[in-house]
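Enquirer: My questions all concern the structure below.
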Amino acid sequence: MCGDMNNKTLKKATLALALIASMPNISVAEDSRPGFYDRKAEGWFFYEVEPEEKEVPKPKPVAVQPPPPPPEQEQMAQSEGPEYFSAAWFRENLPKYKDAWWDNPTIENAKAFAYMQRFAMDRSEQAQDAYELAILGDPYLDEVSRRPYATFASQQVDSKAGKERQTLLGTVASRVGLFFFYQPNCEMCEIQAPIVKMLEQGYGFTVVAVSSDGTPFPGNIFPEFKVDNGHAEQLGVVTYPALFLASPDGSFAPVGQGVMSLPDTANRILVTARRAGWISDDEFNKTRALVNTDNNIAEILTDKTGEASLEEIMTDDKGNYIPPEQLMDFIREKIKEK
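FYI, in mature numbering (1 follows the signal peptide of the UniProt record, and there is no 0) the residues of the sequence shown are -29 to -1, 1 to 309.
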């Protein structure tokens, strides 16, 4: 009987091994669980249903927070916009305070706008005071260095400039002639004619009167007139009377078309002669009612000669802004080179 039991046990073991071999998908963890005989101490409770393994919920992905910006970036973000109470700040915000007061006229809004406007006025006064302190006594900025404010002195300057103008008009008359284009039955031409005669008699201009259709001028004040043979069209005359300066080599320069007073005509003649190169800048500048014409900052700073140069000034500003200290160093160097 003992042998039968051993045979049965051997058969059961062989069957168990065969079952295990036919189930390759069973994990080793399941094979190691207690068997039937090992669990008999549980009584009938070993038949209870094994609890299903609960799926462990996957942790939700945590949003990665971006690293805090460096201190420099935070400072830059906070400093965006113009500085408080600066000129740029006022240009941008003063209209807003005005609009706020206008749209909602409360006492508080009115006071806010009034204080900001008062600030702007006071700052403008401070700026004007500084401007005056900077200009007074500087021969290149103080206007009194060019023309005196005192009445008796300015009258003397005007008188001298007038004499220089008279002299230069005579010089122009010796270098170029004056063409006077007129039409018959032209009232404006008759008004302009006496002024042309004054230029002829007073400064010695050679006047050539040109008739559009061959008709003599009323009163025959220009007995040696010429008949227009196409010059008026070539010179672009559209209004009569018309005045032109003409050089001996045949060059023409327009003075004006229409009626002009004697002072206006004289000034136009000088400007036209300068533009055409018949008189020099130095000759023309003597006719200005100024004491000094050698302190022209525009000419000094744009003069390409000398060692001082803007190219040597390095700036990172996109608008080529030069800091005041560097700009003043450049200006002083250019003035020394003058």
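Cβ coordinates follow ideal geometry from the N, Cα and C atoms, glycine included.
On a predicted model such as this, the values are computed, not experimentally measured, just so you know.
Assign glutamate 171 to one of two classes, buried (16 or more other C-beta atoms within 10 Å of its C-beta) or exposed (fewer than that).
Expert: Within the sequence shown, residue 171 is the residue found at index 200, counting from 1. Glutamate 171 comes out buried.
Enquirer: Note down the Cα distance separating phenylalanine 255 from asparagine 64, rounded to an integer number of angstroms.
Expert: Locating residue 255 in the sequence shown gives position 284, where the first residue counts as 1. Locating residue 64 in the sequence shown gives position 93, where the first residue counts as 1. In a straight line, the C-alpha of phenylalanine 255 is about 49 Å away from that of asparagine 64.
Enquirer: Who are the Cβ neighbours of serine 183 in its own chain at under 6 Å, not counting the five residues just before and after it?
Expert: As a working note, residue 183 is residue 212 in the sequence shown. Answer for serine 183: Gln154, Asp199, listed in chain order.
Enquirer: Based on Cα-Cα distance, which residue from Gly108, Phe123, Thr122 lies nearest to serine 116?
Expert: Here residue 116 refers to the residue found at position 145 of the sequence shown. Answer by Cα proximity: Gly108.
Enquirer: Ignoring anything shorter than 3 residues or poking outside the stretch 219 to 275, list the beta strand (DSSP E) runs there in chain order.
Expert: Segments of the beta strand (DSSP E) lying fully in the stretch 219 to 275: 223 to 228.
Enquirer: Just to confirm, is the Cβ distance from glutamine 228 to alanine 213 under 8 Å?
Expert: As a working mapping, residue 228 is identified with position 257 in the sequence shown. As a working mapping, residue 213 is identified with position 242 in the sequence shown. Yes; because the gap between Cβ atoms is below 8 Å, this pair is in contact.
Enquirer: Decide if valine 209 is buried, meaning its Cβ has at least 16 other Cβ atoms within 10 Å, or exposed.
Expert: Sequence index remark: in the sequence shown, residue 209 carries index 238 (1-based). Its Cβ having fewer than 16 others within 10 Å, valine 209 is exposed.
Enquirer: From asparagine 191 to alanine 164, what does the alpha carbon distance come to, in whole angstroms?
Expert: Working through the sequence shown from its first residue, we reach residue 191 at position 220. Working through the sequence shown from its first residue, we reach residue 164 at position 193. Going from the Cα of asparagine 191 to the Cα of alanine 164 covers about 11 Å.
Enquirer: If you reduce the DSSP assignment to three classes, tell me which class alanine 213 lands in.
Expert: Start at 1 with the first residue of the sequence shown, and residue 213 comes out as number 242. If DSSP states are grouped into helix, strand and coil, alanine 213 belongs with the strands.
Enquirer: So does the stretch 218 to 227 actually touch the stretch 236 to 251, counting three or more Cβ pairs closer than 8 Å?
Expert: yes
Enquirer: If you reduce the DSSP assignment to three classes, tell me which class arginine 98 lands in.
Expert: The sequence position of residue 98 within the sequence shown is 127, counting from 1. In the sequence on display, residue 98 carries alanine and not arginine. In this structure, alanine 98 counts as helix in the three-state DSSP scheme.
Enquirer: Going by DSSP, what residue range makes up the beta strand (DSSP E) through alanine 180?
Expert: Taking the first residue of the sequence shown as 1, we reach residue 180 at position 209. Element bounds for alanine 180: 178 to 182.
Enquirer: Start and end of the beta strand (DSSP E) containing tyrosine 153?
Expert: In the sequence shown, residue 153 corresponds to position 182, counting from 1. That run of the beta strand (DSSP E) goes 148 to 153.
Enquirer: Measure the CB-CB distance between alanine 144 and threonine 258 and report whether it falls below 8 Å.
Expert: Residue mapping note: residue 144 aligns to position 173 of the sequence shown, counting from 1. Residue mapping note: residue 258 aligns to position 287 of the sequence shown, counting from 1. Contact: no.
Enquirer: Considering only C-alpha positions, which residue in the set Asp265, Arg94, Phe84 is nearest to alanine 58?
Expert: Start at 1 with the first residue of the sequence shown, and residue 58 comes out as number 87. Among Asp265, Arg94, Phe84, the Cα nearest to that of alanine 58 belongs to Arg94.
Enquirer: Would you tell me roughly how many angstroms separate the C-alpha atoms of alanine 71 and asparagine 80, rounded to the nearest one?
Expert: Along the sequence shown, read from residue 1 onward, the residue named residue 71 stands at position 100. Along the sequence shown, read from residue 1 onward, the residue named residue 80 stands at position 109. Going from the Cα of alanine 71 to the Cα of asparagine 80 covers about 7 Å.
Enquirer: What whole-angstrom Cβ distance do threonine 236 and isoleucine 166 have, given they're in contact under 8 Å?
Expert: Here residue 236 corresponds to residue number 265 of the sequence shown, with the count starting at 1. Here residue 166 corresponds to residue number 195 of the sequence shown, with the count starting at 1. Rounded, the Cβ-Cβ distance is 6 Å, consistent with contact.
Enquirer: On the DSSP bridge list, what partners appear for valine 198?
Expert: Walking along the sequence shown from the start, residue 198 turns up at place 227. Note: valine 198 sits in a beta bridge opposite Ser182.
Enquirer: Assuming contact is defined by CB atoms lying nearer than 8 Å, are isoleucine 293 and isoleucine 302 in contact in what I supplied?
Expert: Your numbering for residue 293 matches position 322 in the sequence shown. Your numbering for residue 302 matches position 331 in the sequence shown. Going by C-beta atoms, isoleucine 293 is not nearer than 8 Å to isoleucine 302.
Enquirer: Here's the rule: buried if 16 or more other CB atoms are within 10 angstroms of the residue's CB, otherwise exposed. What is valine 112?
Expert: Taking the first residue of the sequence shown as position 1, residue 112 is located at position 141. Before going on, a small fix: residue 112 reads as leucine here, not valine. By the 10 Å Cβ count, leucine 112 comes out exposed.
Enquirer: Under the three-state reduction of DSSP, which class applies to asparagine 291: helix, strand or coil?
Expert: Counting from 1 along the sequence shown, the entry for residue 291 is found at position 320. In the structure shown, asparagine 291 sits in coil (DSSP, three-state: anything other than H, G, I, E or B).
Enquirer: For a test of the three-state rule: what should DSSP assign to arginine 89, helix, strand or coil?
Expert: Taking the first residue of the sequence shown as 1, we reach residue 89 at position 118. Arginine 89: helix per DSSP, three-state reduction.
Enquirer: With the cut-off set at 8 Å, would you say glutamate 158 and proline 189 are in Cβ contact?
Expert: What you label residue 158 is simply residue 187 of the sequence shown in a count that begins at 1. What you label residue 189 is simply residue 218 of the sequence shown in a count that begins at 1. No, they are not a contact pair.
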